[in-house]
Structures are given as C-alpha cells and as structure tokens.
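Structure first, commentary second.
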Amino acid sequence: MAIGKNNDAPGIYSIISSIKRLLDHLNEAAFYSAKDLESISRELQKHRASLKRCQAEYDPELIELIERRMAVCETALARLQAVIDHLGPEHIVTWEKLVSILRRLSNLNTRSRYSKEEHSALKKELEDLETACPSLHKELPESIAARYEQIILEQEDALKLSPEKLVTNLYERCVLWSWMIEQKPLYVDEDFRELYTTLKTIRDQLESRSLLQAWSLRETDLYDYQRRLDRIDGARTVDGNFVDAKGKKACLQTQRTLLYFLRKSYALIYYMLTQSEPVSEALLPIYNQLKTLKKCLREVQKAGGVSSPRELYPYSMKLNSIDNMQVDGKFMVNGDIPDGQAAVVSLLHECYELTQQLKEQAEENEEAEESGSAVPVQAAVPSTA
Numbered sequence: 001m002a003i004g005k006n007n008d009a010p011g012i013y014s015i016i017s018s019i020k021r022l023l024d025h026l027n028e029a030a031f032y033s034a035k036d037l038e039s040i041s042r043e044l045q046k047h048r049a050s051l052k053r054c055q056a057e058y059d060p061e062l063i064e065l066i067e068r069r070m071a072v073c074e075t076a077l078a079r080l081q082a083v084i085d086h087l088g089p090e091h092i093v094t095w096e097k098l099v100s101i102l103r104r105l106s107n108l109n110t111r112s113r114y115s116k117e118e119h120s121a122l123k124k125e126l127e128d129l130e131t132a133c134p135s136l137h138k139e140l141p142e143s144i145a146a147r148y149e150q151i152i153l154e155q156e157d158a159l160k161l162s163p164e165k166l167v168t169n170l171y172e173r174c175v176l177w178s179w180m181i182e183q184k185p186l187y188v189d190e191d192f193r194e195l196y197t198t199l200k201t202i203r204d205q206l207e208s209r210s211l212l213q214a215w216s217l218r219e220t221d222l223y224d225y226q227r228r229l230d231r232i233d234g235a236r237t238v239d240g241n242f243v244d245a246k247g248k249k250a251c252l253q254t255q256r257t258l259l260y261f262l263r264k265s266y267a268l269i270y271y272m273l274t275q276s277e278p279v280s281e282a283l284l285p286i287y288n289q290l291k292t293l294k295k296c297l298r299e300v301q302k303a304g305g306v307s308s309p310r311e312l313y314p315y316s317m318k319l320n321s322i323d324n325m326q327v328d329g330k331f332m333v334n335g336d337i338p339d340g341q342a343a344v345v346s347l348l349h350e351c352y353e354l355t356q357q358l359k360e361q362a363e364e365n366e367e368a369e370e371s372g373s374a375v376p377v378q379a380a381v382p383s384t385a
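For the sequence shown, position 10 (counting from the first letter as 1) is numbered 10 according to full-length UniProt numbering, and the numbering increases by one without interruption.
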C-alpha cells in the first residue's frame, strides 16, 4: 500500500487492485448505481494518465502488470456499464431508488439495534414505487430463499433480460429481503457469529477511520485490513457461499449479511485510498496541521475577520513554528526528504496569505474606527478543532 503516493506506480497498483476487487463484488452482487461506476471510471482514467507520466521511473515489468490489471478492470467496468445503459432513461430512476433501498435495508440489518420505524419507512418507499408502477407487484413465493437466489442467477445474463424485468427483479429482491429482516431482525446463524463479529468490527473500524483526517492512518493500516478481508473472501466456496467448520452453508440471511459487511469494507478501503492526500506518511502530520489552520482562517474570514491584528498572533506563531521546521527550504524527517514537499509548502503559503489578508482587513478597520466610520467586527477565537 502506498498512501500519499497515489500518482506513483506503487500507489496506482494498490488502488487498481482495490478497484478490481470492488468490481468483482459489484458484479457478484448484481446491483449497483450509475454513480458507483462513474466514480470507478474517473479513477481508472486518472490513474492511467498518472501511470503514463511516471512509467519511465519504474521497472517495465511493474508497469506492464499494472496495465494488465487496468485492462481487466476496464473490461469488467464496461460489462457493468452495459447493464446500466440497457436500462435506459425510462427505468434508470426506479433502478437507482431500488439500489438505495436495498443498501439501506442491508445496513438496517447490521445495526446493534433493529429500528422498526426505519424499516417501516423503507417499506413505504417500496409501496410507493409499486403504486407508481403496478407491474412491480409480486406475491411472496413459497420459498423466499430459493426465489432470491434464482433472481441473482438470472442477473448473470442481465443483457438478455428486458429493462422491465431487470427492475422487477430488483424490486422483488428488496421485498424478499425486507420480509426476511422483518421475520428475524438482525438474525445470524450461531455457527457464523464469530465471523460476523470479525467482519462487523472491520467495517466499524474502517467507517470510523474514514471520518478521521488522513494522518491518523499508517501506510500499513489499510494493507492489514485488505489482507484480512482477502483471507475471509478467499475462504468462500466456489459458488460464493460462506461455510462453517463442517462445510455447512449459512442460511441466506446470514450469507447476505456477511457479504454486506465484506463489500462495505472493500468499498471503504477504496474510498480511503482514492481520498488519501498526495503527501507521504511522514509529512502528513504537518500537512494536516496546516489544513486545520487553513480551515480555521477561512472560518474567521467568513465570520467577518478580526477586530485587531493582535488576534492573529496564535495563528502566526503556529505558522512560524511550522515554517522553522524547514531545513534549506525542505521539510526533513529523520534526515530524509519525504515526498509531498510542494503540497506542504503550497498549503503553508496559502495560510500565510490568509493571515495577511485578515491582518490588512483588521488594520483597515482600525483606521476606519479612528476616523469614526468603522463597522464593529466581533473578534474570532482560534478553533481548537
């Protein structure tokens, strides 16, 4: 993994590997939104351009390996996009609503506490869709599990199905899944409770980390999560089922719940890899201090500035302390010059410029006040966030 090196071959390899895994699961899940594919398409295009720029700096075999993986991803993406295109503008809106409902149902089924109110709201959304499109109505089959699995099998030849059939199948999946959750909220086979807890913990930790600043991640963190998920994913049977120590399959509700955790975790890793800053891990603490300073200064600006240049003293002190860390114009860490110097220096200059603008504004206000024409400005206090 190479957080902070997204534009170099090692970082590109990590992201492309994550994209491939995500595409495999989107294909297996047999439902996804147009926005999912748009995001992946943008990332592939961006990293193909980055690979072209840096290919002379790396081993040709590594470049060739990445290009092959990219080609596999592009082929998989095109196959998924063909299904979205097949739906056409007439059905895509309903499809997108159903994708959202199915995901929210799955999320509801993984909460620490079941919310009957939230479930009722999701059922109401399904009923509203059925009212708008009566053709969606389907009676519950005798075997819920068998019908659910049959729908997923039908999706393997999605382009052979009519757009109406694709939407109807997805609607039926939502209804069946909703019914299962309602009958047994939060149910998990006891033989799979340990795996459930492991996957839930990984998902929860990744969600928590995704909300934090990038500097809270070490380069090895996501790699460790990825390896743990890969081992769990690789332990599934050929037909994609989770089995216990005796080789017995989990029930459908447990299968879908475990898969939801697995796929959500892969999606979070993809998100964090694509959102990580183009700054090496060693420089991220400095970089994020500057990001926080810039955010604070922007907030002060929005609030109308400061009433006196003296109020900017804490910001100036912090900027000077960071600036003084440079050696011959470079930020050094343990004698090394980490990647991302330009990004850090650029952010430092932005903070200085904002401070100067606020200082000039405060000085103008003071001069105007002396002449009796100033508009009072409430002093801003530096954020401790």
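Just so it is clear, CB atoms sit at the ideal spot from N, CA and C, and this is done for glycine as well. Fair warning: this is a prediction, and the values are worked out from it, not measured in the lab.
>> With a threshold of 6 Å (Cβ to nearest heavy atom), would Met180 be considered close to the ligand FAD?
In response: Absent from the structure shown: the ligand FAD. Ligands present: none.
> Just checking, does the segment 116–127 make contact with the segment 32–49 on the three C-beta pairs under 8 Å criterion?
Replying inline: no
>> Am I right that Ala362 and Pro309 are in contact with their C-beta atoms under 8 Å? What's the rounded C-beta distance?
In response: Here residue 362 refers to the residue found at position 362 when the sequence shown is read from its first residue. Here residue 309 refers to the residue found at position 309 when the sequence shown is read from its first residue. The distance from the Cβ of Ala362 to that of Pro309 is about 5 Å, consistent with a contact at the 8 Å cut-off.
> Span of the alpha helix (DSSP H) holding Asn107?
Replying inline: As a working mapping, residue 107 is identified with position 107 in the sequence shown. Start and end: Pro60 to Leu108.
>> Spatial neighbours of Glu172 within its chain, please: C-beta separation below 7 Å, excluding the five flanking residues on both sides.
In response: Stepping through the sequence shown from its first residue, residue 172 is reached at position 172. Excluding positions up to five away in sequence, the list reads Lys138 and Ile151.
> residue 386 and Leu347 look like a contact to me (Cβ under 8 Å); what is the Cβ gap, rounded to whole Å?
Replying inline: Any question about residue 386 goes unanswered here, given that the chain covers just 1 to 385.
>> From the DSSP secondary-structure annotation, give me the bridge partner or partners of Gln326.
In response: Sequence index remark: in the sequence shown, residue 326 carries index 326 (1-based). Phe331.
> How long is the line joining the alpha carbons of Asp85 and Glu38, rounded to whole angstroms?
Replying inline: By one-based count along the sequence shown, residue 85 stands at place 85. By one-based count along the sequence shown, residue 38 stands at place 38. The straight-line gap from Cα to Cα measures roughly 12 Å.
> According to DSSP, is Lys246 helix, strand or coil?
Replying inline: Position 246 of the sequence shown holds residue 246. In the structure shown, Lys246 sits in coil (DSSP, three-state: anything other than H, G, I, E or B).
> Should Trp179 be labelled buried (16 or more other beta-carbon atoms within 10 Å of its own) or exposed?
Replying inline: Numbered from 1 along the sequence shown, position 179 holds the residue referred to as residue 179. Exposed is the call here.
>> Distance check for Leu273 and residue 395, CA to CA, integer angstroms please.
In response: Given that the chain is displayed from residue 1 to residue 385, the structure contains no residue 395 and the question cannot be resolved.
> Are there 16 or more other CB atoms within 10 angstroms of the CB of Pro338, so buried, or fewer, so exposed?
Replying inline: Taking the first residue of the sequence shown as position 1, residue 338 is located at position 338. Counting Cβ neighbours within 10 Å, Pro338 comes out buried, since at least 16 surround it.
>> Cutting at 7 Å between CB atoms, please list the residues of its own chain near Lys359, excluding the five before and the five after it.
In response: Counted from its first residue, the sequence shown places residue 359 at position 359. Taken in chain order, the residues that qualify are Pro309 and Leu312.
> Who pairs with Asp336 in a beta bridge, going by DSSP?
Replying inline: Walking along the sequence shown from the start, residue 336 turns up at place 336. Val333.
> Is the segment 299–308 in contact with the segment 75–83, if contact means three or more CB pairs nearer than 8 Å?
Replying inline: no
>> Tell me the DSSP secondary structure of Val279 in three-state form.
In response: Against the sequence shown, residue 279 aligns to sequence position 279. Looking at Val279 - three-state DSSP - the assignment turns out to be coil, as it is neither helix nor strand.
> Can we say the segment 88–99 touches the segment 21–37, given the rule of at least three CB pairs closer than 8 Å?
Replying inline: yes
> Got a sec? Which residues, its chain only, sit under 6 Å from residue 390 by beta carbon, not counting five neighbours each side?
Replying inline: For residue 390 there is no data in the structure shown, the boundaries of the chain being 1 and 385.
> When the Cα atoms are used, what is the spatial distance from Leu222 to Arg228?
Replying inline: As a position in the sequence shown, residue 222 is number 222, starting the count at 1. As a position in the sequence shown, residue 228 is number 228, starting the count at 1. If you draw a straight line from the Cα of Leu222 to the Cα of Arg228, it is about 10 Å long.
> Just the Cα atoms here: how many angstroms apart are Leu136 and Leu129?
Replying inline: Locating residue 136 in the sequence shown gives position 136, counting from the first residue. Locating residue 129 in the sequence shown gives position 129, counting from the first residue. Going from the Cα of Leu136 to the Cα of Leu129 covers about 8 Å.
> Grouping DSSP H, G and I as helix and E and B as strand, with all else coil, what is Phe192?
Replying inline: Sequence index remark: in the sequence shown, residue 192 carries index 192 (1-based). Reduced to three states, the DSSP call for Phe192 is helix.
>> Only counting the same chain, and skipping five residues up and downstream in sequence, which positions put a Cβ closer than 7 Å to that of Phe31?
In response: Taking the sequence shown and counting its residues from 1, one reaches residue 31 at position 31. Around Phe31: Val99, Leu102 and Leu170.
> Going by the CB atoms, is the gap between Thr254 and Val188 shorter than 7 Å?
Replying inline: Position 188 of the sequence shown, counted from the start, is the residue given in the question as residue 188. Position 254 of the sequence shown, counted from the start, is the residue given in the question as residue 254. Yes, they are a contact pair.
>> What does the alpha-carbon distance come out to for the pair Leu140 and Lys160?
In response: Walking along the sequence shown from the start, residue 140 turns up at place 140. Walking along the sequence shown from the start, residue 160 turns up at place 160. Roughly 25 Å separates the two Cα atoms.
> When the Cα of Ile144 is compared with those of Asp204, Ala82 and Gln183, which residue comes out closest?
Replying inline: Translated into positions along the sequence shown, residue 144 becomes position 144. Of the listed residues, the one whose Cα sits closest to Ile144 is Gln183.
>> Using CA atoms only, rank isn't needed, just tell me which of Pro60, Tyr196, Gln205 and Ile16 is closest to Ile232.
In response: In the sequence shown, counting from the first residue as 1, residue 232 sits at position 232. The candidate whose alpha carbon is nearest that of Ile232 is Tyr196.
>> Could you check whether the segment 9–23 touches the segment 51–67, counting it as contact only if at least three pairs of C-beta atoms, one from each stretch, sit closer than 8 Å?
In response: Three or more beta-carbon pairs drawn from the segment 9–23 and the segment 51–67 are found closer than 8 Å, and the two stretches are therefore classed as touching.
> If you compare alpha carbons, which of Leu252, Thr131 and Leu108 is closest to Ser120?
Replying inline: Residue mapping note: residue 120 aligns to position 120 of the sequence shown, counting from 1. Nearest C-alpha to Ser120: Leu108.
> When you compare each of Leu199, Ala303, Glu57 and Lys52 to Leu268 by their alpha carbons, which one comes out closest?
Replying inline: Here the question's residue 268 lines up with position 268 in the sequence shown. Closest option to Leu268, Cα to Cα, is Leu199.
> Do you know whose CA, among Ser162, Tyr287 and Pro185, lies nearest Leu114's CA?
Replying inline: Along the sequence shown, read from residue 1 onward, the residue named residue 114 stands at position 114. Per the sequence presented here, residue 114 reads as Tyr, with Leu not at that position. Comparing Cα-Cα distances from Tyr114 to each of Ser162, Tyr287 and Pro185, the minimum goes to Pro185.
> Taking Cβ to Cβ, would you say Leu22 is nearer than 7 Å to Tyr270?
Replying inline: Looking up residue 22 in the sequence shown gives position 22. Looking up residue 270 in the sequence shown gives position 270. Yes; because the gap between Cβ atoms is below 7 Å, this pair is in contact.
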